[in-house]
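Residues in the sequence shown are numbered from 1 upward in steps of one, following full-length UniProt numbering. Each residue gets a CB set at the ideal place from its N, CA and C atoms; glycine is no exception. Keep in mind the model is a prediction, meaning the values are calculated, not measured. Below: the structure, in structure tokens.
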Amino acid sequence: MGTTFRKGFLFCLFLFICFFHVFPSAKAEAAGPRTQQLPGRVLDWVMDDQNGYIYALTEKGMLLFIEASTLSIKEQEPVSLRAYSALWRKYTQRSVTLLLRGGKLYVPSETSIDVFDVKTKRLIQRAPYNGLPFGLLGNKIVTFGKQYGRGKTTYEMYMWDLAAKRQTSRLIADPNFFSVFSEENTLFFDEKRGLAFIGRNVSIPDLAVLRLSDLKVVKRVSYQGPRGSAPTHPLIVDGSDVFFAGRRIDAGNINMVHDCYNGPVLDVQGVYVVTNKAVYDRYTSAKINMLPFPTNYALMDAKYNLYLIKEGENRIYKYPLPADESYYVRSSHYAFTNVPISHLSYDSSTGWLYVLSAEDSKLFVIRASDMKMVKEIHPGPQPTDVKIDGGKVYVALSGATKMAIYDAKTMRFLGTVPLIAAPRSLAIGDGKIFFTDNSRTLTGSIAVYDMKTKKQWRIPKVFINPLIGYDEKQNVLYVGQEGTSDHDLYAVRLSDWHVSPLLSFPGGDDAFFMNGGEIFYGKARINPAQPSALVAAEFPEPLRAASRQYIITSRAIYNRATGTKIADLSSEALLATAGDDGMIFTYRKVATNHYLIKQKLSQ
1 MGTTFRKGFL
11 FCLFLFICFF
21 HVFPSAKAEA
31 AGPRTQQLPG
41 RVLDWVMDDQ
51 NGYIYALTEK
61 GMLLFIEAST
71 LSIKEQEPVS
81 LRAYSALWRK
91 YTQRSVTLLL
101 RGGKLYVPSE
111 TSIDVFDVKT
121 KRLIQRAPYN
131 GLPFGLLGNK
141 IVTFGKQYGR
151 GKTTYEMYMW
161 DLAAKRQTSR
171 LIADPNFFSV
181 FSEENTLFFD
191 EKRGLAFIGR
201 NVSIPDLAVL
211 RLSDLKVVKR
221 VSYQGPRGSA
231 PTHPLIVDGS
241 DVFFAGRRID
251 AGNINMVHDC
261 YNGPVLDVQG
271 VYVVTNKAVY
281 DRYTSAKINM
291 LPFPTNYALM
301 DAKYNLYLIK
311 EGENRIYKYP
321 LPADESYYVR
331 SSHYAFTNVP
341 ISHLSYDSST
351 GWLYVLSAED
361 SKLFVIRASD
371 MKMVKEIHPG
381 PQPTDVKIDG
391 GKVYVALSGA
401 TKMAIYDAKT
411 MRFLGTVPLI
421 AAPRSLAIGD
431 GKIFFTDNSR
441 TLTGSIAVYD
451 MKTKKQWRIP
461 KVFINPLIGY
471 DEKQNVLYVG
481 QEGTSDHDLY
491 AVRLSDWHVS
501 PLLSFPGGDD
511 AFFMNGGEIF
521 YGKARINPAQ
531 PSALVAAEFP
541 EPLRAASRQY
551 IITSRAIYNR
561 ATGTKIADLS
571 SEALLATAGD
581 DGMIFTYRKV
591 ATNHYLIKQK
601 LSQ
């Protein structure tokens with residue numbers, strides 16, 4: 001009896017020890033990334049979202065069919081790589097480019113390009129291979145090669161017709177082609193534009209554009225600096241962007257670089273750009289997440305899972321991209337919100353950015369230094385404008401026919417003021433608050449609130465959808481009227497409320513604001529101090545904001561003193577605000593995402 005008890009006790013103790021030691025490790029494994037050992041070093045790989053697979057070519061000459069959800073290797077097919085030299089292998093990690101198109105996978109082997117059907121995972125065709133690089137142009141596999149003869153080197157473009165199973169070639173007569181040809185090139189054919197993008201992987205990489213109609217090199221740009229110091233770089237063309245040498249480049253003009261990243265771009269998925277160290281937002285260049293470890297192999301699937309290979313381990317890791325549920329956290333130069341933005345204001349004295357969402361009836365107060373949200377406020381229905389004056393923040397509430405007031409330093413609520421009209425926009429000066437009603441159809445009015453006497457009245461003039469700005473120096477209220485086809489500008493003299501018409505011009509965007517004694521209306525820069533030449537300048541895009549240094553339009557930033565363009569914006573700015581401290585903030589919308597971007601050009 002005692003022996004039996006002791007045996008039972010020891011057995012239970014053994015189970016307890018096993019449970020104590022094994023269960024925590026199992027839990028930790030479940031919480032960590034999914035991982036899978038690979039049979040050899042990967043030379044190149046590609047994601048197939050449609051079928052849920054990753055195809056990887058290893059140094060040992062095996063093509064792996066990896067199920068993305070489980071990372072299990074479902075099948076392996078041999079590919080001949082015996083003749084490749086050690087030097088070639090060093091540079092092939094991104095030069096051997098697996099191409100996936102139309103349910104077929106194109107794999108460069110020793111003497112041919114092997115074509116696999118991804119559904120059956122079987123080899124269906126072999127095309128002659130003349131060397132690197134290669135790409136797809138319609139129904140043809142295209143490679144570049146060079147011929148030696150009679151003391152002269154010539155270059156040719158070889159095309160293998162997949163349907164007819166025959167090869168043709170074209171002589172490249174352009175004498176400049178030798179300077180862009182390399183066996184370490186990466187290549188992309190843009191059929192829509194009739195171009196070939198050629199990335200030359202040297203210590204200082206360069207990108208060339210070859211026109212397919214006459215095989216002429218039409219552009220070539222070298223990318224200097226630390227972002228171009230790596231020996232090899234992927235070449236990714238996605239929509240209107242070319243990603244090469246750690247840069248996002250305009251496909252229509254490779255001299256225009258939209259963004260630079262601290263490392264080569266390895267993959268692009270929707271709005272995400274994956275480099276060898278981090279994940280960035282494509283349209284703002286803001287860093288979203290660091291990778292768990294630096295790598296030369298990274299993929300992202302359509303569900304934003306990351307697939308990484310740790311150098312020297314021959315092991316694949318799968319990480320979900322961490323979800324970000326807060327409003328503003330991504331970067332000190334970037335923020336995002338899940339609601340549309342209707343107005344921006346910036347106070348240089350406090351360093352706070354005021355962001356209104358009329359649709360969601362919210363006021364976000366954001367600290368500009370790190371783009372972190374200081375406060376989220378519900379001031380009332382449909383906030384439409386914000387003005388800062390005398391240590392107070394005034395918020396127009398068009399949905400409540402009132403104005404909310406806050407302390408500018410603490411954002412403590414000070415109360416509301418009932419108004420005689422639902423305010424659309426505000427202007428403050430001469431001890432008064434001017435506001436327009438929110439009529440957007442036929443007629444509107446401008447009303448006045450005297451902060452000392454608390455009295456309110458309307459200016460005796462009817463306008464169409466008026467917008468207002470106050471000039472402290474001249475003590476004049478300027479009114480922009482949005483007509484059906486024309487825009488009209490008026491001056492209201494506050495000494496006797498006399499209204500004078502100033503000018504009329506074709507209608508367009510409804511931007512209207514004042515800065516430094518000048519009026520910015522639609523696309524026009526207007527100087528009311530020069531009656532003989534009111535319109536000082538006109539811009540090709542609608543105006544958005546101005547400061548002492550800059551003028552911001554929907555597409556670019558201009559030097560205010562000279563009127564010259566400083567930089568193009570990577571996407572359209574729906575709203576903008578700027579401070580005399582050099583800060584520029586723009587609001588852009590991409591798909592369903594709403595972005596706030598901070599810039600300081602002096603940096």
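Which one or two residues does DSSP pair with residue i in a beta bridge?
i    : result
L344 : V355
N559 : Y550
T186 : G199
M62  : P78
Q481 : P466, D488
T35  : Y317
M373 : I366
N253 : D250
L136 : I141
M47  : I54
I428 : I433
A578 : I584
Between which two residues does the beta strand (DSSP E) containing residue i stretch?
i    : result
K219 : 216 to 222
S500 : 498 to 506
N515 : 512 to 515
F144 : 140 to 149
A447 : 446 to 450
T154 : 152 to 161
H487 : 486 to 493
M290 : 287 to 290
Q456 : 456 to 458
T168 : 166 to 172
S112 : 112 to 117
K300 : For the sequence presented, residue 300 should be read as Met rather than Lys. From DSSP, the beta strand (DSSP E) with M300 extends over 297 to 300.
E518 : 518 to 521
H383 : Note that residue 383 is Pro in the sequence shown, not His. Segment 383 to 389, the beta strand (DSSP E) holding P383.
Q474 : Unbroken run through Q474: none, as it is neither H nor E.
C305 : Sequence check: residue 305 is Asn here, not Cys. 305 to 310 is the extent of the beta strand (DSSP E) around N305.
Roughly how far, in whole angstroms, is the beta-carbon of residue i from the beta-carbon of residue j, given that I think they are within contact range, below 8 Å?
i    : j    : result
L98  : W45  : 7 Å
T586 : A576 : 5 Å
D301 : M47  : 6 Å
A567 : I552 : The pair is not a contact, with the Cβ atoms about 10 Å apart (cut-off 8 Å).
L494 : D430 : 6 Å
V79  : L63  : 5 Å
L171 : E156 : 6 Å
T401 : A422 : 5 Å
N275 : V265 : With the sequence shown as reference, residue 275 is identified as Thr, and Asn is not the correct amino acid for it. With 8 Å as the limit, T275 and V265 qualify as a contact, their Cβ atoms being about 6 Å apart.
M403 : V386 : Not quite, the Cβ-Cβ distance comes to about 11 Å (not below 8 Å), so this is no contact.
P108 : F144 : Not a contact, Cβ separation roughly 13 Å.
What does the alpha-carbon distance come out to for the pair residue i and residue j?
i    : j    : result
I405 : R560 : 33 Å
V22  : Q36  : Note that V22 scores a pLDDT of 32, beneath 50, so its modelled location is shaky and nothing firm can be said.
L534 : Y558 : 20 Å
Y595 : S349 : 24 Å
S342 : E359 : 8 Å
Y280 : E472 : 44 Å
W88  : I316 : Any reading at W88 must be qualified, since the residue scores a pLDDT of 45, below 50, and its modelled position is unreliable; no value is offered.
Q481 : L489 : 6 Å
S361 : K119 : 51 Å
P175 : K600 : 43 Å
K455 : C260 : 55 Å
K90  : V202 : Note that K90 has pLDDT 45, beneath the 50 cutoff, so the model's placement of it is unreliable and the number below is only indicative. For K90 and V202, the distance between alpha carbons rounds to 13 Å.
E77  : V115 : 12 Å
T384 : K598 : 22 Å
N475 : D581 : 26 Å
G246 : L353 : 31 Å
A529 : Y478 : 12 Å
T186 : Q382 : 52 Å
A537 : K432 : 31 Å
I73  : Y272 : 27 Å
K216 : F177 : 8 Å
L212 : F188 : 12 Å
Y129 : N51  : 28 Å
* Tell me, please, whether the segment 177 to 196 touches the segment 208 to 216 by the rule of three or more beta-carbon pairs shorter than 8 Å. => In short, these stretches touch, since the Cβ pair count reaches three.
* To do: Take every Cβ of the segment 509 to 527, pair it with every Cβ of the segment 465 to 476, and state whether three or more of those distances are shorter than 8 Å.
  => yes
* Asked: Is the segment 391 to 401 close to the segment 424 to 437, with three or more CB pairs under 8 Å?
  -> With the cut-off at 8 Å, the segment 391 to 401 and the segment 424 to 437 touch.
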